Ligand code: URA
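Numbering (full-length UniProt numbering), first residue to last: 1 to 181.
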C-alpha cells in the first residue's frame with residue numbers, strides 16, 4: 001500500500017475512534033502534509049478553527065507556524081503537521097490520558113512517514129513523545145536523539161503570538177532544521 005493510502009487508513013481509524021472523541025468537539029483533525037515528509041511538526045491539540053475545518057494549525061497560531069516554516073526555508077508541502085490529540089478538547093488542555101491515547105495514532109503515522117526529524121512544539125508534544133515534562137524556555141533549540149529518532153524541542157507557536165522575542169527564538173530554532181536534513 002502507498003504511504004498516502006496507509007495515512008488515509010489511519011485517518012479513518014481516528015474518525016471512528018470513540019476514545020479519541022470522548023469529551024471533544026467537532027471534526028477529527030488527523031494531520032496533513034506530505035507522506036514523504038522529512039520533517040514532522042507536532043503540536044498539542046486542535047483548537048476551534050481546526051475543529052470546524054478538520055485541518056491542523058489553521059487558526060492564529062497555525063498561521064504563524066506556517067509562516068515560520070516558510071521563513072526557515074522549508075516548503076510547507078514537504079512537511080507534515082499534526083498533534084498527539086486528534087479532536088478539540090472541550091476542557092482545552094488535554095489530559096495525560098488523552099495524550100497517551102492519541103500517541104498511539106501518532107506513532108502509527110510516524111512509522112509510515114519515517115521523517116528525518118520531528119519538531120516537538122511545546123510541552124504536550126514533548127510529554128507525548130519523550131514522555132517527560134520540560135521547561136520549554138530552557139530546552140528549546142535542543143536536539144534529542146531517542147528511540148532511533150531525532151527530535152527538535154521548540155516553543156508551541158501560540159507562545160510567540162504576543163512576544164517578538166519568542167518569535168525570533170522559534171524562527172532561529174526552525175532555521176536549524178535545514179542543516180539537519
Ligand atoms: N494547536 C495545536 O497544537 N494543534 C493544532 O492542530 C492546532 C492548534
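Ideal Cβ positions, reconstructed from N, Cα and C, are used throughout, including at glycine.
This structure is a prediction, so every number in the text was calculated from the model and none was measured.
In terms of alpha-carbon separation, which member of the options lies closest to residue i?
{"i": "residue 174", "options": "135, 130, 121", "result": "121"}
{"i": "residue 123", "options": "134, 114, 115", "result": "134"}
{"i": "residue 57", "options": "85, 97, 35, 73", "result": "85"}
{"i": "residue 30", "options": "15, 22, 112", "result": "15"}
{"i": "residue 6", "options": "109, 154, 67", "result": "109"}
{"i": "residue 136", "options": "170, 145, 118, 45", "result": "170"}
{"i": "residue 126", "options": "100, 27, 111", "result": "100"}
{"i": "residue 151", "options": "68, 107, 119, 34", "result": "119"}
{"i": "residue 98", "options": "128, 78, 115, 12", "result": "128"}
{"i": "residue 176", "options": "42, 165, 26, 72", "result": "72"}
{"i": "residue 43", "options": "172, 90, 80, 24", "result": "80"}
{"i": "residue 26", "options": "78, 87, 62", "result": "87"}
{"i": "residue 195", "options": "149, 172, 28", "result": "The structure shown does not extend to residue 195, since the chain is modelled only from 1 to 181, so the question has no answer here."}
Would you check whether ligand 1 has a heavy atom nearer than 6 Å to the C-beta of residue i?
{"i": "residue 44", "result": "yes"}
{"i": "residue 163", "result": "no"}
{"i": "residue 56", "result": "yes"}
{"i": "residue 145", "result": "no"}
{"i": "residue 50", "result": "yes"}
{"i": "residue 47", "result": "yes"}
{"i": "residue 83", "result": "yes"}
If we count the other Cβ atoms within 10 Å of its Cβ and call it buried at 16 or more, is residue i buried or exposed?
{"i": "residue 163", "result": "exposed"}
{"i": "residue 82", "result": "buried"}
{"i": "residue 2", "result": "exposed"}
{"i": "residue 10", "result": "buried"}
{"i": "residue 92", "result": "exposed"}
{"i": "residue 167", "result": "buried"}
{"i": "residue 143", "result": "exposed"}
{"i": "residue 104", "result": "exposed"}
Below 8 Å on the Cβ atoms is my guess for residue i versus residue j; work out the distance and round it to an integer in Å.
{"i": "residue 70", "j": "residue 59", "result": "Rounded, the Cβ-Cβ distance is 17 Å, inconsistent with contact."}
{"i": "residue 39", "j": "residue 74", "result": "6 Å"}
{"i": "residue 113", "j": "residue 37", "result": "6 Å"}
{"i": "residue 154", "j": "residue 140", "result": "5 Å"}
Ranges of the beta strand (DSSP E) found wholly within the stretch 71-96, counting only runs of at least 3: 79-82
Completely contained beta strand (DSSP E) runs for the stretch 91-176, where each covers 3 or more residues: 117-121, 143-146, 149-154
List in chain order: all unbroken beta strand (DSSP E) runs of 3+ residues lying wholly within the stretch 21-63. 39-42
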